[in-house]
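Participant: Residue numbering for the sequence shown follows the numbering used here, starting at 18 and increasing by one per position. Quick reminder that beta carbons are idealized off the backbone N, C-alpha and C, glycines included. These numbers come from a predicted model, not from an experiment. Submitted below is the structure of interest, expressed as structure tokens.
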Amino acid sequence: MKSLILTKRLVFPWLYRNFLLFGRKSYLKNKSNHTVVQEDLFMAKNYRNCDHEASCSEDYLINKLTDNKNFKFLIDWAGERYTNYVVGKHLIFEAKKIFKSFRYAELISEKYTLKNNVYLYPDNFDISIYNILRQKLTKKIKLPYLSLIYMTLRSVFKSVYFNFKTLLYPEFLLIKSCQRSKLGINKYKFCIHIDDGLKDLAIHPHDLFVINKNITKKDILFVSLSKTKQKWISHYLKNNYNVLDINKVNNYISKSMYFSNIYCKSFKFRFKLFWLGIKYPWLSSSIFNILKQKILWDIFHELIKTKCIIRIMTAEDITASVVHKYNNVDTLFLYLSTTEKIIQSDIKKGKSNDHDYTHMISKYSVSNVVSNNWLKKLENNIDKYIDIGPLFSDLIHEAYKNKQIIFKKINITNNNPIITFLDHTAGHHGVMNFKAYKDFLESFLKLSKKNLNINYIYKSKKSISSMKEYFDNDIIDLIEVIRSRNNCWYANDYKLSSYQICGVADLIVSAPMSSVIFEAFCGNKKIISYDSTSKYKDFDFILKKVPYLHAYTHEQLEKLIDHWLLQTDNNYFKNYMNKYIKPLIGLNCNNHGKIKQFNEFLENIN
Numbered sequence: 018m019k020s021l022i023l024t025k026r027l028v029f030p031w032l033y034r035n036f037l038l039f040g041r042k043s044y045l046k047n048k049s050n051h052t053v054v055q056e057d058l059f060m061a062k063n064y065r066n067c068d069h070e071a072s073c074s075e076d077y078l079i080n081k082l083t084d085n086k087n088f089k090f091l092i093d094w095a096g097e098r099y100t101n102y103v104v105g106k107h108l109i110f111e112a113k114k115i116f117k118s119f120r121y122a123e124l125i126s127e128k129y130t131l132k133n134n135v136y137l138y139p140d141n142f143d144i145s146i147y148n149i150l151r152q153k154l155t156k157k158i159k160l161p162y163l164s165l166i167y168m169t170l171r172s173v174f175k176s177v178y179f180n181f182k183t184l185l186y187p188e189f190l191l192i193k194s195c196q197r198s199k200l201g202i203n204k205y206k207f208c209i210h211i212d213d214g215l216k217d218l219a220i221h222p223h224d225l226f227v228i229n230k231n232i233t234k235k236d237i238l239f240v241s242l243s244k245t246k247q248k249w250i251s252h253y254l255k256n257n258y259n260v261l262d263i264n265k266v267n268n269y270i271s272k273s274m275y276f277s278n279i280y281c282k283s284f285k286f287r288f289k290l291f292w293l294g295i296k297y298p299w300l301s302s303s304i305f306n307i308l309k310q311k312i313l314w315d316i317f318h319e320l321i322k323t324k325c326i327i328r329i330m331t332a333e334d335i336t337a338s339v340v341h342k343y344n345n346v347d348t349l350f351l352y353l354s355t356t357e358k359i360i361q362s363d364i365k366k367g368k369s370n371d372h373d374y375t376h377m378i379s380k381y382s383v384s385n386v387v388s389n390n391w392l393k394k395l396e397n398n399i400d401k402y403i404d405i406g407p408l409f410s411d412l413i414h415e416a417y418k419n420k421q422i423i424f425k426k427i428n429i430t431n432n433n434p435i436i437t438f439l440d441h442t443a444g445h446h447g448v449m450n451f452k453a454y455k456d457f458l459e460s461f462l463k464l465s466k467k468n469l470n471i472n473y474i475y476k477s478k479k480s481i482s483s484m485k486e487y488f489d490n491d492i493i494d495l496i497e498v499i500r501s502r503n504n505c506w507y508a509n510d511y512k513l514s515s516y517q518i519c520g521v522a523d524l525i526v527s528a529p530m531s532s533v534i535f536e537a538f539c540g541n542k543k544i545i546s547y548d549s550t551s552k553y554k555d556f557d558f559i560l561k562k563v564p565y566l567h568a569y570t571h572e573q574l575e576k577l578i579d580h581w582l583l584q585t586d587n588n589y590f591k592n593y594m595n596k597y598i599k600p601l602i603g604l605n606c607n608n609h610g611k612i613k614q615f616n617e618f619l620e621n622i623n
């Protein structure tokens, strides 16, 4: 019988009724007749390997699929680097989907010993790019004819659709342009992109930027780029913040101004882009995006003056970056996490391993030493890297000062030492597999049963309800046991942030490859990285050789806990920080006041 490996849910299941299906629980409607694959088979390192593999194929694809002379008008407008970024970003996006589908299928094929008649129901990717990359893919796994036909038709329809939009978009906006209302203010110090994805930030963006008399509400315009309805907009408007939906910016410009200042300037440019879309149909969606971003941001700059446009945790569109530069507006990318590469070895040195932050164009990147060094290796064009540190490590210092308030909230009434455990993502695309996660919780419980005179706090990245969908029942049962013990607290029940429970802790135990490790050090906290399956022991990460940091077994974890809680004092930890940590992550890494330092930097932008 033929085997079909699913990378997504089947659209028409009855067409594949003669296949034995292999897929994640969420992909299979009828699970009794098919095989539910283990949820933690394809992890974060596999996912990022596909990013890297796609980036390593970028130059090959550009040479195979493009001719530089056809892009001369784009090069003349924004430069060769920009043009290469636009084309390259599109190609690696499609190539990554191809590699991800096939590498996932290879893991399943090996895990379940599938030898003959193995087929793949893949992600949606462009058929022409797939045809170029076929030689780099295993011949053992094939695509069903139905999938090939579907992807061919989809690619054709997609190119026709976006080429049509490119042809008529300026006229579409001309018809819709109407000065329905006027902007209350047309000059701002900063324009900040916001979306609902930032709702879980420990500090909301309006509190991160509006904190003193030099940067006030009237100085900031919060901008939405999303096509979907955003909940944050109504909240910000209620609190009298300035808000603009860039997709509706044409509502603030008159037809006459749009025609003379925008439409006429874009007239020929649009036809050149349209011709490029006909020449390279696989690139049509990115070509339309060039036109859309250029026109919308041209309207924005016609109406609004600002000195800096800021993106938080998401990359600026590279066409938008070019338009901002044309208008003498700086761009700033604010990265709040601490990240390093999560692939074990490079295929090609200098090629990106994370497509979320590849081919960015920006004046500034504001982050910490570790993250900025990582971003420098992702093939970006950033003028200045500003090392301030993990901004939210300030919250650890604040939580330490206010720990009595937190103790009262969770009803800790004794003076016993506190050990905090923080997990990482687990399962599909996660850092931890289920065995590692189970070990993590079992160690927590063993320690809590052995040391009744110590308080233990555990926080999970995901809620219990979301974990129940994919995690083993054993893991859920362990969490319930934690919730029932007298010397254990489940931080999620009290809506405590990771920064709060780090702030009150005497010692932190973190899952491996976590930004918590760096943030804890920057918050002057002792921490242990616990990798019970040695999944990342051979990875080349920045803190790899730091002593008294890494535990790979429960016994090693216990020894390190004794070392930090019983055998050393604060002077020892201070010397430890100076000798081992600060040279790697910044000499001022544990100084309080990083948010203030960031705001002072903003004030000094010309």
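Count the other C-beta atoms from every protein chain shown that fall within 10 angstroms of the C-beta of Met168, then say buried if there are 16 or more, exposed otherwise.
Facilitator: To locate residue 168, count along the sequence shown from 1; it is residue 151. With 16 or more other Cβ atoms within 10 Å, it is buried.
Participant: Can Ser74 and Ala122 be called in contact, C-beta distance under 8 Å?
Facilitator: In the sequence shown, the residue the question calls residue 74 occupies position 57. In the sequence shown, the residue the question calls residue 122 occupies position 105. Their beta carbons are not under 8 Å apart, which means Ser74 does not touch Ala122 by this criterion.
Participant: If you count every other CB in all the chains shown that lies within 10 Å of the CB of Pro564, and 16 or more means buried, which is it?
Facilitator: On the sequence shown, position 547 is the one that residue 564 refers to. Pro564 should be labelled exposed.
Participant: Out of Ser369, Asn345, Lys309 and Met330, point me to the one whose CA is closest to Ile321's CA.
Facilitator: As a first step, residue 321 is located in the sequence shown; it is residue number 304 there, counting from the start. If we check each option's Cα against that of Ile321, Asn345 comes out closest.
Participant: If you drop the 5 nearest sequence neighbours on each side, which residues of the same chain put their C-beta closer than 7 Å to that of Ser465?
Facilitator: For the purposes of this step, residue 465 is identified with residue 448 of the sequence shown, where counting begins at 1. Within the same chain, Ser465 has close Cβ partners Tyr473, Arg502, Asn504 and Cys505.
Participant: According to DSSP, what are the bridge partners of Asn472?
Facilitator: For the purposes of this step, residue 472 is taken as residue 455 along the sequence shown, with counting starting at 1. Paired residue(s): Ile435.
Participant: Taking the alpha carbon of Leu349 as the reference point, which residue from Ile427, Ile209, Lys368 and Lys309 has its own alpha carbon closest?
Facilitator: Within the sequence shown, the letter at position 332 stands for residue 349. Of Ile427, Ile209, Lys368 and Lys309, the residue nearest in Cα terms is Ile209.
Participant: Put Asn134 into one of helix, strand or coil per three-state DSSP.
Facilitator: To locate residue 134, count along the sequence shown from 1; it is residue 117. In the structure shown, Asn134 sits in coil (DSSP, three-state: anything other than H, G, I, E or B).
Participant: Per DSSP, what kind of secondary structure is Tyr17 in: helix, strand or coil?
Facilitator: In the structure as shown, the chain begins at 18 and stops at 623. Residue 17 is therefore absent and cannot be evaluated.
Participant: Applying the criterion that 16 or more other CB atoms from any shown protein chain within 10 Å of the CB defines a buried residue, is Cys281 buried or exposed?
Facilitator: Locating residue 281 in the sequence shown gives position 264, counting from the first residue. Cys281 should be labelled exposed.
Participant: Should Cys67 go down as buried or exposed, given a rule of 16 or more other Cβ atoms within 10 Å for buried?
Facilitator: As a first step, residue 67 is located in the sequence shown; it is residue number 50 there, counting from the start. When all chains shown are included, Cys67 counts as buried.
Participant: Going by Cα to Cα distance, which pick from Ser354, His414 and Asn607 is closest to Asn390?
Facilitator: The residue labelled residue 390 in the question sits at position 373 within the sequence shown. It is Ser354 whose Cα lies nearest to the Cα of Asn390.
Participant: Near Glu70, which residues of its chain fall below 7 Å by C-beta distance, leaving aside the five closest residues on each side in sequence?
Facilitator: Numbered from 1 along the sequence shown, position 53 holds the residue referred to as residue 70. For Glu70, where only same-chain residues beyond five positions count, the Cβ hits under 7 Å are Phe116 and Ile364.
Participant: When we look at the beta-carbon of Trp31 and count the other beta-carbons within 10 Å, is it buried (16 or more) or exposed?
Facilitator: Your numbering for residue 31 matches position 14 in the sequence shown. Flag for Trp31 reads exposed.
Participant: Mind the definition here: the stretch 143 to 150 touches the stretch 252 to 272 only if three or more C-beta pairs lie below 8 Å; say whether that holds.
Facilitator: These segments do not touch.
Participant: How about Gly540 and Ile622: do their beta carbons lie closer than 8 Å?
Facilitator: Here the question's residue 540 lines up with position 523 in the sequence shown. Here the question's residue 622 lines up with position 605 in the sequence shown. Not in contact: Gly540 and Ile622 (Cβ atoms no closer than 8 Å).
Participant: Let me check understanding here. Comparing Cα to Cα, which of Phe90, Phe36 and Pro139 lies closest to Ser164?
Facilitator: As a working note, residue 164 is residue 147 in the sequence shown. It is Pro139.
Participant: How do the stretch 407 to 427 and the stretch 506 to 519 stand: do at least 3 beta-carbon pairs fall below 8 Å, yes or no?
Facilitator: yes
Participant: Grab me the residues of Phe88's own chain with a C-beta within less than 8 Å of its C-beta, minus the 5 sequence neighbours each way, in chain order.
Facilitator: The residue you call residue 88 lines up with position 71 of the sequence shown. Taken in chain order, the residues that qualify are Thr100, Val104 and Leu293.
Participant: Confirm, please, whether the CB-CB distance from Leu37 to Ser20 is below 8 Å.
Facilitator: Residue mapping note: residue 20 aligns to position 3 of the sequence shown, counting from 1. Residue mapping note: residue 37 aligns to position 20 of the sequence shown, counting from 1. Yes, these two residues count as a Cβ contact at 8 Å.
Participant: With distances taken from CA atoms, which of Ile158, Lys366, Val227 and Asn398 is nearest Val339?
Facilitator: Indexing the sequence shown from 1 puts residue 339 at position 322. Ranking the options by Cα distance to Val339, first place goes to Asn398.
Participant: For the structure I just gave you, are there three or more beta carbon pairs, one from the stretch 449 to 465 and one from the stretch 544 to 553, closer than 8 Å?
Facilitator: yes
Participant: Per DSSP, what are the beta-bridge partners of Cys325 in this structure?
Facilitator: Here residue 325 corresponds to residue number 308 of the sequence shown, with the count starting at 1. In the DSSP assignment, Cys325 is bridged to Phe207 and Asp347.
Participant: Please identify the residue among Ser362, Lys426, Ile545 and Asn607 whose C-alpha is closest to the C-alpha of Asp510.
Facilitator: Start at 1 with the first residue of the sequence shown, and residue 510 comes out as number 493. Cα-wise, what sits closest to Asp510 is Lys426.
Participant: Which residue's Cα is closest to the Cα of Tyr106: Leu439, Leu78, Ala528 and Asp212?
Facilitator: Translated into positions along the sequence shown, residue 106 becomes position 89. Note on residue identity: the sequence assigns Lys, not Tyr, to residue 106. The residue with the shortest Cα to Cα distance from Lys106 is Leu78.
Participant: Rounded to whole angstroms, what is the Cα-Cα separation between Ser72 and Lys368?
Facilitator: Start at 1 with the first residue of the sequence shown, and residue 72 comes out as number 55. Start at 1 with the first residue of the sequence shown, and residue 368 comes out as number 351. Ser72 and Lys368: Cα-Cα distance of roughly 6 Å.
Participant: For the stretch 586 to 605 against the stretch 567 to 575, are there 3 or more C-beta pairs whose distance is under 8 Å?
Facilitator: no
Participant: Indicate whether Phe119 and Leu154 have their beta-carbon atoms separated by less than 8 Å.
Facilitator: If you number the sequence shown from 1, residue 119 lands on position 102. If you number the sequence shown from 1, residue 154 lands on position 137. Yes, the pair counts as a contact, with Cβ atoms nearer than the cut-off.
Participant: Evaluate the contact criterion for the stretch 224 to 233 versus the stretch 183 to 197: three or more CB pairs, one atom per stretch, below 8 Å.
Facilitator: No contact exists between the stretch 224 to 233 and the stretch 183 to 197.
Participant: Using the three-state DSSP reduction, which class does Gly40 fall into: helix, strand or coil?
Facilitator: The count along the sequence shown starts at 1 and reaches residue 40 at position 23. Note: Gly40 maps to strand in three-state DSSP.
Participant: Taking the runs of the beta strand (DSSP E) that are 3 residues or longer, which of them lie wholly in the stretch 480 to 538?
Facilitator: 505 to 507 and 524 to 527
Participant: Have a look at Thr356, Asn490, Leu191 and Tyr205 and flag the residue whose alpha-carbon is nearest the alpha-carbon of Phe535.
Facilitator: Along the sequence shown, one-based indexing puts residue 535 at 518. Of Thr356, Asn490, Leu191 and Tyr205, the residue nearest in Cα terms is Thr356.
Participant: I'd like to check one pair, Asp411 with Lys611: are the Cβ atoms closer than 8 Å?
Facilitator: Against the sequence shown, residue 611 aligns to sequence position 594. Against the sequence shown, residue 411 aligns to sequence position 394. Yes; because the gap between Cβ atoms is below 8 Å, this pair is in contact.
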